[in-house]
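As given, the protein sequences belong to chains G and W, one line each in that order.
Start counting the first sequence at 1; every next residue gets the next number (full-length UniProt numbering).
Start counting the second sequence at 1; every next residue gets the next number (full-length UniProt numbering).
All C-beta atoms, glycine included, are put in the ideal place defined by N, C-alpha and C.
To keep things clear, I will list the structure first and then write my remarks on it.
2 protein chains.
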Amino acid sequence: METLQDLGEFGLINRIKNNTQIKQASTVYGIGDDAAVFDMGRNYGLISTDMLLEGIHFDLTYCPLRHLGYKAVAVNVSDIAAMNGIPKQITVSIGVSSKFDLPAIDELYEGIKAACEAYNIDLIGGDTCSSRQGLIISISVLGEVEKDKIAYRSGAKPNDILCVTGDLGAAYLGLQILEREKREFLENPNMQPKIEDKNYIIGRQLKPEGRTDIIHDLREINVVPTSMIDISDGLASEVLHLSANSGMGFNLFFDNIPVENQTLETSAEFNLNPINCVMNGGEDYELLMTFSQQDFEKVKGITEITPIGFVTQEKNNILVLNSGERTNITAQGWNHINKS
Amino acid sequence: METLQDLGEFGLINRIKNNTQIKQASTVYGIGDDAAVFDMGRNYGLISTDMLLEGIHFDLTYCPLRHLGYKAVAVNVSDIAAMNGIPKQITVSIGVSSKFDLPAIDELYEGIKAACEAYNIDLIGGDTCSSRQGLIISISVLGEVEKDKIAYRSGAKPNDILCVTGDLGAAYLGLQILEREKREFLENPNMQPKIEDKNYIIGRQLKPEGRTDIIHDLREINVVPTSMIDISDGLASEVLHLSANSGMGFNLFFDNIPVENQTLETSAEFNLNPINCVMNGGEDYELLMTFSQQDFEKVKGITEITPIGFVTQEKNNILVLNSGERTNITAQGWNHINKS
């Protein structure tokens, strides 16, 4: 008999999706993209939701509550950006166990408030309840997008240019640093942390940003990506989503993928293959998107967007290494990263 | 120093609300009613969210997963109904520990699906993740309401008629039966349950309904309540919310409040004061609303709506007992119900 473990998260989502019928005229797109889409009349409304559980998604040993509040909002904002939409409102539900006092809850909401200010969104509702075990955060975000500007995962066309924002792999290696410091602190509480030259990658792990700045940049040059997704589970996984939804293949050139020196140096320190960290690290919350060649000429002026490959009619997804070696892209997820 | 326990749930919500600024033009109403309101152009959009935690909000010893899925949707639907709105879409996020297998998750989603069919709403998104401790369900619901039909908690006027749908107190006494059967089963697993004449009140606990039927009835007679709220925490608590938000007082007549015989009989069996069960029992998910006297003439034809009191300019909230005795209404919440 098939088990939950066999299915995995994406399998479970597909199972739920396949068992779901859409009946409402106002439902434009249900399960299966970064956000669901509903008709608001002139514009499309967008909704996305994320649940964060203590001990699964975050570790309060090294994640300050203020940063956690900010990050919980940012990862939801990222899903709206991935539809080429602008986030507008959030609801925040929390379950809190007795180990949290009022100053702790205030700190969490300070981070949420800071993110609301940074992304210009309103906190409009939520739920608060007691939890028997640790902190639970569930956020839903509402966004809007003009009907002719929405970007799904499904619109990539042959010869479109595949691009990515920012740089990749840093958040995963920041997590490795934090986990190492935690282990060393538990062994020797008097130890001084060795993180002074790791600020960038630790910041990428603790305080990621949703790339609404890119959405505004694209509106200014009047370009709509042919397909888009945010990078939460790792570049490999997201390329495979665009491939499956668009019915296309992708050729990526590792040499073109933007990776910070601190990321490369730290992967070496941990004896981790940098290719695996970049392809399967996850939690980058950058945007992966495709543009028609014509639009790409206009996109070149946006320095935060880097071309890393192109779309092919054949459905093979291939990573071309610096050596010229071609490897098939497979999704491993961040917990399967192999030692180099 | 003030603690979370001092503040309580409503105090925490107020603290969050008072620390929140609304900046988006499309935000119509934020924290503080049954649902938040955003502008969709022709209509208002509504969003509400509820988090349900195993061991806090439900006990899988006696709550079948299918019923739990249905109830989780129904209580969200109830919040949209309380704004005089029609529910349209939901997102469902779940955290699942390893004790749940695939058939268990399927059963939960069967209940969610049955509720989507009953209320004509679409499941359009969500999140699935591993939990270390039991089942977590977080649902957000989207609804719509014509701008001239929205009902807030704040619109009650002097001499308006206070009405309630269905009957009250049953869900609380259903819970007492289920808790008693659980205790007796734990003491003697061979025991036969003694619940055959308790179907109504057990059903009210395990499978409540959001009263969208009433919203459709009111549209047919073209009447909009002057104020409305759903009864989740008990009649007393909800009357006090309408009072605070409308700046009015309420006189309620206990003799007029609809209570089923099974509810009364069971309160006697448990030696509980039926007044406390009705006023503070909670989980009824009925609607409490006010109508102008003129509109109330039209409402009389809806048999599921019962007048139970009226609105006064003075802000005192009074329950008139059958004996003629007048008592001030105070919110105790379901966990403070005194023995009679």
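{"Asked": "Rounded C-alpha distance that separates Y70 (chain G) from I121 (chain G)", "Found": "12 Å"}
{"Asked": "Minimum length 4: unbroken alpha helix (DSSP H) runs contained in the region 168-247 of chain W", "Found": "170-187, 199-206, 212-220, 235-246"}
{"Asked": "L242 (chain G), buried or exposed, once every other Cβ within 10 Å from all chains shown has been counted against 16", "Found": "buried"}
{"Asked": "CA-to-CA distance, Y172 (chain W) to G105 (chain G), given in whole angstroms", "Found": "The question names Gly, but residue 105 (chain G) is Ile in the sequence shown. Taking the straight line joining both Cα atoms gives about 31 Å."}
{"Asked": "Backbone secondary structure at N328 (chain G) - three-state DSSP", "Found": "strand"}
{"Asked": "The region 131-141 of chain G / the region 29-39 of chain W touching (three or more Cβ pairs under 8 Å)", "Found": "no"}
{"Asked": "Within-8 Å CB hit, I215 (chain W) to chain G", "Found": "no"}
{"Asked": "Cβ shell of M248 (chain W) (< 6 Å), same chain only, five flanking positions each side left out", "Found": "A156, V311"}
{"Asked": "Distance, I124 (chain W) Cα to I161 (chain G) Cα", "Found": "30 Å"}
{"Asked": "Segment contact flag, the region 55-67 of chain G with the region 7-14 of chain G, C-beta cutoff 8 Å, min 3 pairs", "Found": "no"}
{"Asked": "Option nearest S227 (chain W) by Cα separation, candidates W:N273, W:T290, W:G143, W:I90", "Found": "W:T290"}
{"Asked": "Residues near E184 (chain G) by beta carbon distance below 6 Å, same chain, minus five either side", "Found": "M191"}
{"Asked": "Assigned exposure category for S140 (chain G) - 16 Cβ within 10 Å defines buried", "Found": "buried"}
{"Asked": "Contact set between A114 (chain G) and chain A, taken where Cβ atoms lie within less than 9 Å", "Found": "Chain labels in this structure do not include chain A; the protein chains are G and W."}
{"Asked": "Residue environment, E325 (chain G), which counts as buried when at least 16 other CB atoms sit within 10 Å", "Found": "exposed"}
{"Asked": "Where V73 (chain W) sits in the DSSP three-state scheme", "Found": "helix"}
{"Asked": "Burial state of T330 (chain G), where buried means 16 or more other Cβ atoms lie within 10 Å", "Found": "exposed"}
{"Asked": "Nearest-angstrom Cα separation, counted from K23 (chain G) out to K23 (chain W)", "Found": "34 Å"}
{"Asked": "Distance between M279 (chain G) and N338 (chain G) (C-alpha atoms, nearest Å)", "Found": "With a pLDDT of only 41 at N338 (chain G), under the threshold of 50, the placement of this residue in the model should not be trusted; the figure read from the coordinates follows. In a straight line, the C-alpha of N338 (chain G) is about 12 Å away from that of M279 (chain G)."}
{"Asked": "Minimum Cβ-Cβ distance from A81 (chain G) to chain W less than 8 Å", "Found": "no"}
{"Asked": "Buried versus exposed, by CB contacts within 10 Å (16 or more), E220 (chain G)", "Found": "exposed"}
{"Asked": "Any chain G beta carbon closer than 8 Å to F58 (chain W)", "Found": "no"}
{"Asked": "Cβ-Cβ separation, G210 (chain G) to Y119 (chain G) (assumed contact under 8 Å), whole Å", "Found": "7 Å"}
{"Asked": "V145 (chain G) and I86 (chain G) closer than 8 Å at C-beta", "Found": "yes"}
{"Asked": "Bridge partners - I47 (chain W), DSSP secondary structure assignment", "Found": "W:A36, W:L142"}
{"Asked": "Short CB-CB distance (under 8 Å) between R42 (chain G) and chain W", "Found": "yes"}
{"Asked": "Host alpha helix (DSSP H) of N14 (chain W) (start-end)", "Found": "4-18"}
{"Asked": "Cβ pair K194 (chain W), Y62 (chain W) closer than 8 Å", "Found": "no"}
{"Asked": "Identity of the residue in G:F38, G:E2, G:E286, G:D6 nearest G169 (chain G) by Cα", "Found": "G:E286"}
{"Asked": "Short CB-CB distance (under 8 Å) between I105 (chain W) and chain G", "Found": "yes"}
{"Asked": "Pick from W:V224, W:G95, W:S98 that is closest to R153 (chain W), judged by C-alpha positions", "Found": "W:V224"}
{"Asked": "Residue-chain proximity (D50 (chain W), chain G), Cβ-Cβ < 8 Å", "Found": "yes"}
{"Asked": "Short CB-CB distance (under 8 Å) between L12 (chain W) and chain G", "Found": "yes"}
{"Asked": "For Y44 (chain W), the nearest candidate out of W:D295, W:N322, W:S78, W:N84 (CA to CA)", "Found": "W:N84"}
{"Asked": "M279 (chain W) - DSSP class collapsed to helix/strand/coil", "Found": "helix"}
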